[in-house]
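Input: a single structure, listed below in structure tokens.
Protein chains: 2
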Amino acid sequence: MSEDETVPADVTHEEEIPEDHPRYQDLLTRHRIETGVEKGITHLQGMHAEGRGSAFDYLLGEETIPSADAAERAAAAHLLLADHPVLSINGNVAALVPGEMVDLADATDADLEINLFNRTDERIAAIADHLREHGATEVKGLEADARIPNLDHQRAKVDADGIYEADVVLVPLEDGDRAEALEAMGKTELVIDLNPLSRSPQVAEVPIVDNIIRAVPNMAAHAQELADAGEGELEGIIEAFDREEALEEAEERIRSGL
Amino acid sequence: MSEDETVPADVTHEEEIPEDHPRYQDLLTRHRIETGVEKGITHLQGMHAEGRGSAFDYLLGEETIPSADAAERAAAAHLLLADHPVLSINGNVAALVPGEMVDLADATDADLEINLFNRTDERIAAIADHLREHGATEVKGLEADARIPNLDHQRAKVDADGIYEADVVLVPLEDGDRAEALEAMGKTELVIDLNPLSRSPQVAEVPIVDNIIRAVPNMAAHAQELADAGEGELEGIIEAFDREEALEEAEERIRSGL
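For the record, the sequence lines run as chains P and Z. Take the first sequence: its position 169, counted from the start at 1, is 169 in our numbering, and no numbers get skipped. When you read off a place in the second sequence, starting at 1, and then add 1000, the result is the number in our numbering.
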């Protein structure tokens, strides 16, 4: 698409992108993914996936719509109520929101676990280092001593004491096969995906149709605000969230515009 | 976006992508762009741009809608009537439709000219070689001895006997600034772009809202069919094409679905 080419590619640091640029968020996102590819964190196809997401975000108005905010609050409540919440990290997530995921893990006492579609030891190590540089103390996904049933490929690999035994899992930017396999294991899935029609949000208990760079900090803010909430209040927030309505509102927004 | 990750990334040749895959066209496109990046033809940001395009194509139904077919026929008529038609080639165009652009150039007696946003001698040479491997005999854009007025960056560079003096220019996947600058030079612009709201199709005489991998072969087919048509017939096809209606139909399709 043409619009992507209107800012030169020679921005070295994200601070060089003017904050008042009308497409600041999109340019920042693209720059972070590009840096991720260069660092070996993000697969080249992650650049394509991010471009795809950026078109949906453009149609969504590049803002957190009310139903997405409600989903993010419900997701925060799920994480706070969980016995063992895990935040799944792939190459795009690590490139886009490394510090923000660490903050969310801290706010909800969740584990961070790396899980890659195109898994190599080098990428796993690069992502673990990147997360630690952004404040992570423990990073799971390196052991990979358990398997998600009924799933081919490397992405079936998980940690036995991580995603395998988690009750609530945040899977941002996840592929449909894996989202379905996790759902079949009976886990409560929280999915971030900008296309409300793709399979991952369709199978999620909480589908969050929002840009991950807005969604994750907002989830952390909700979690911090709800830190002292009782179980009843958290359950009430979860009950009040209507996943069908959220998916419909997101699709309606994308289809019909503002 | 998640859906992009459902086919493994280790496809080495495009023949390995199953033709009956429901997302064959998208996978083929992504593979060609990825190969382009690896070959030094396509800038990394081209992968992002293509991903962005793929989302619009998904919403469009991944088919050439009737108004796009009409635009492609009108564009073919413009190229056939032109005194000096030029087809502009950037890194994504070269990666996606090298042979198809050569065929279109042959069918309309047009020049092929390389023009890059992120211009380097290496990329220019790689693209020229790639086009020649796909049958191109003459490739312009290497001299770069003229400039498009009122345009910064490397993309102002054009050949004096190419785009600079052309009367009709096909600019696929072009950025808005350059499309506007060419329009200001009084050229008849034919633009291929999957987002009907971006500036390039908005300023084009003929906006073609279609995937380039469908659009270019279809333009060549129209040109071949119209090879013996008289001026009157070609002018009639151009007159009958309504650019506003085409833009509206494309937006309507993207917004409301099938």
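We put the CB at the ideal spot given by N, CA and C, even for glycine. None of the values given here were measured: they were computed from a predicted structure.
Practice task
For the alpha helix (DSSP H) holding L96/P, just list the boundary residues, first then last.
Solution key: Position 96 of the first sequence, counting from 1, holds the residue named residue 96/P. Unbroken alpha helix (DSSP H) run through L96/P: 91–96.
Practice task
Could you spell out the range, first to last residue, of the alpha helix (DSSP H) harbouring T1029/Z?
Solution key: The sequence position of residue 1029/Z within the second sequence is 29, counting from 1. Element bounds for T1029/Z: 1024–1039.
Problem - Boundaries (first-last residue) of the alpha helix (DSSP H) holding P1172/Z - result: Against the second sequence, residue 1172/Z aligns to sequence position 172. It is not in any alpha helix (DSSP H) - P1172/Z instead sits in the beta strand (DSSP E) that spans 1168–1172.
Practice task
Could you list which residues in chain Z have their beta carbon closer than 8 Å to that of E34/P, in chain order?
Solution key: One-based indexing of the first sequence puts residue 34/P at position 34. What E34/P touches in chain Z: L1044, Q1045, H1048.
Exercise for the section: Go through its chain and collect everything with a Cβ distance to A1126/Z's Cβ below 7 Å, but skip five positions before and after it. Expected result: The residue labelled residue 1126/Z in the question sits at position 126 within the second sequence. Result list for A1126/Z: K1039, G1040, I1041, in chain order.
Practice task
With a threshold of 16 other CB atoms inside 10 Å of the CB of N1150/Z, please say whether the residue is buried or exposed.
Solution key: If you number the second sequence from 1, residue 1150/Z lands on position 150. Exposed, by the Cβ-count rule.
Handout entry: Residue from I212/P, H13/P, T188/P, P196/P with nearest C-alpha to H31/P
Key = Locating residue 31/P in the first sequence gives position 31, counting from the first residue. Answer by Cα proximity: H13/P.
Handout entry: beta strand (DSSP E) segments (min. 3 residues) lying fully within the stretch 130–183 of chain P
Key = 168–172
Handout entry: At least 3 beta-carbon pairs within less than 8 Å: the stretch 166–181 of chain P vs the stretch 90–107 of chain P
Key = yes
Practice task
Report the neighbours of R214/P on chain Z: residues whose CB is nearer than 9 Å to its CB, in chain order.
Solution key: In the first sequence, counting from the first residue as 1, residue 214/P sits at position 214. None at all; the shortest Cβ gap to chain Z is about 16 Å.
Practice task
Give me the Cα-Cα distance between M1001/Z and D175/P, rounded to the nearest whole angstrom.
Solution key: By 1-based counting over the second sequence, the position of residue 1001/Z is 1. By 1-based counting over the first sequence, the position of residue 175/P is 175. The predicted model places M1001/Z with a pLDDT of 39, which falls under 50 and marks its position as unreliable, so this point remains unresolved.
Exercise for the section: Would you kindly work out how many angstroms separate the C-alpha atoms of E239/P and S1198/Z, rounded to a whole number? Expected result: Here residue 239/P corresponds to residue number 239 of the first sequence, with the count starting at 1. Here residue 1198/Z corresponds to residue number 198 of the second sequence, with the count starting at 1. In a straight line, the C-alpha of E239/P is about 41 Å away from that of S1198/Z.
Exercise for the section: Check the DSSP bridge columns for V206/P and list the partner residues they point to. Expected result: Counted from its first residue, the first sequence places residue 206/P at position 206. In DSSP, V206/P forms a bridge with L190/P.
Problem - Among D1177/Z, D1152/Z, L1182/Z, the one whose alpha carbon lies nearest that of G1162/Z - result: Start at 1 with the first residue of the second sequence, and residue 1162/Z comes out as number 162. G1162/Z has its Cα closest to that of L1182/Z, out of D1177/Z, D1152/Z, L1182/Z.
Exercise for the section: Return the chain-ordered list of same chain residues with a C-beta closer than 7 Å to the C-beta of E180/P, the five sequence neighbours on each side being excluded. Expected result: Taking the first residue of the first sequence as 1, we reach residue 180/P at position 180. Only R199, V203 meet the Cβ criterion.
Practice task
Would you check if there are 3 or more beta carbon pairs closer than 8 Å linking the stretch 55–65 of chain P to the stretch 1044–1059 of chain Z?
Solution key: yes
Handout entry: Given 8 Å, three or more beta-carbon pairs between the stretch 1229–1243 of chain Z and the stretch 1187–1195 of chain Z
Key = no
Practice task
Determine which residues share a DSSP beta bridge with E113/P and list them.
Solution key: Here the question's residue 113/P lines up with position 113 in the first sequence. DSSP, once it has assigned bridges, lists S88/P, K140/P as partnering E113/P.
Problem - Segment limits, alpha helix (DSSP H) that includes N218/P - result: Your numbering for residue 218/P matches position 218 in the first sequence. Element bounds for N218/P: 212–225.
Handout entry: Spatial distance of Q1154/Z from D1026/Z (CA atoms)
Key = Working through the second sequence from its first residue, we reach residue 1154/Z at position 154. Working through the second sequence from its first residue, we reach residue 1026/Z at position 26. Straight-line Cα distance between these residues: approximately 30 Å.
Problem - Inter-residue CB distance, H43/P and A166/P (contact presumed, cutoff 8 Å) - result: By 1-based counting over the first sequence, the position of residue 43/P is 43. By 1-based counting over the first sequence, the position of residue 166/P is 166. At roughly 24 Å, the Cβ-Cβ gap does not stay under 8 Å, so H43/P and A166/P are not in contact.
Handout entry: Three-way DSSP call (helix, strand, coil) for H1043/Z in this model
Key = Stepping through the second sequence from its first residue, residue 1043/Z is reached at position 43. Correct three-state label for H1043/Z: coil.
Exercise for the section: Leaving out five residues on either side along the sequence, give the residues of the same chain with a beta carbon under 6 Å from the beta carbon of E1251/Z. Expected result: For this step, residue 1251/Z is matched to residue 251 along the second sequence. Answer for E1251/Z: P1196, listed in chain order.
Exercise for the section: Go to D69/P, then tell me how far its alpha helix (DSSP H) extends in each direction, as first and last residue. Expected result: Translated into positions along the first sequence, residue 69/P becomes position 69. Element bounds for D69/P: 66–81.
Practice task
Starting from E252/P, follow the alpha helix (DSSP H) in both directions and report where the run begins and ends.
Solution key: In the first sequence, the residue the question calls residue 252/P occupies position 252. Note, E252/P: alpha helix (DSSP H), 243–256.
Handout entry: N-terminal and C-terminal residue of the alpha helix (DSSP H) that G1230/Z is part of
Key = Reading the second sequence from its first residue, position 230 is the one you call residue 1230/Z. Taken as a continuous stretch (DSSP letters only), G1230/Z belongs to no alpha helix (DSSP H), as it is neither H nor E.
Problem - CB contact below 9 Å: V1037/Z versus chain P - result: Stepping through the second sequence from its first residue, residue 1037/Z is reached at position 37. It does: the Cβ of V1037/Z has a partner Cβ on chain P nearer than 9 Å.
Handout entry: contact_flag[the stretch 57–72 of chain P, the stretch 215–226 of chain P] where n(CB pairs < 8 Å) is 3 or more
Key = yes
Problem - V63/P (DSSP reduced to helix, strand or coil) - result: Position 63 of the first sequence, counting from 1, holds the residue named residue 63/P. Residue 63/P is actually Glu in this sequence, not Val. If DSSP states are grouped into helix, strand and coil, E63/P belongs with coil.
Exercise for the section: State yes or no: is the beta carbon of L1059/Z nearer than 9 Å to at least one beta carbon in chain P? Expected result: Against the second sequence, residue 1059/Z aligns to sequence position 59. Closer than 9 Å to some Cβ of chain P, the Cβ of L1059/Z qualifies, so yes.
Handout entry: 9 Å Cβ cut-off: residues of chain Z touching A107/P
Key = For the purposes of this step, residue 107/P is identified with residue 107 of the first sequence, where counting begins at 1. Within chain Z, no residue comes near A107/P; the closest Cβ sits about 25 Å away, beyond 9 Å.
Practice task
Could you list the residues in the stretch 1076–1101 of chain Z with a C-beta less than 8 Å from some C-beta on chain P, going in chain order?
Solution key: none
Problem - Reference N211/P, options E72/P, E19/P, G36/P, P18/P, closest by Cα - result: Residue numbering aside, residue 211/P sits at position 211 when the first sequence is read from its first letter. Considering only alpha carbons, the answer is E72/P.
Exercise for the section: Flag this pair as yes or no: are the beta carbons of S256/P and S1256/Z separated by less than 9 Å? Expected result: Along the first sequence, one-based indexing puts residue 256/P at 256. Along the second sequence, one-based indexing puts residue 1256/Z at 256. Cβ atoms of S256/P and S1256/Z: closer than 9 Å.
Practice task
Given a cut-off of 9 Å, decide if A1160/Z and E1143/Z are closer than it, judged by their beta-carbon atoms.
Solution key: Within the second sequence, residue 1143/Z is the residue found at index 143, counting from 1. Within the second sequence, residue 1160/Z is the residue found at index 160, counting from 1. It is a contact, given that the beta carbons lie within the stated cut-off.
Exercise for the section: Output the distance between the C-alpha atoms of I124/P and G36/P, rounded to the nearest integer angstrom. Expected result: For the purposes of this step, residue 124/P is identified with residue 124 of the first sequence, where counting begins at 1. For the purposes of this step, residue 36/P is identified with residue 36 of the first sequence, where counting begins at 1. Roughly 13 Å separates the two Cα atoms.
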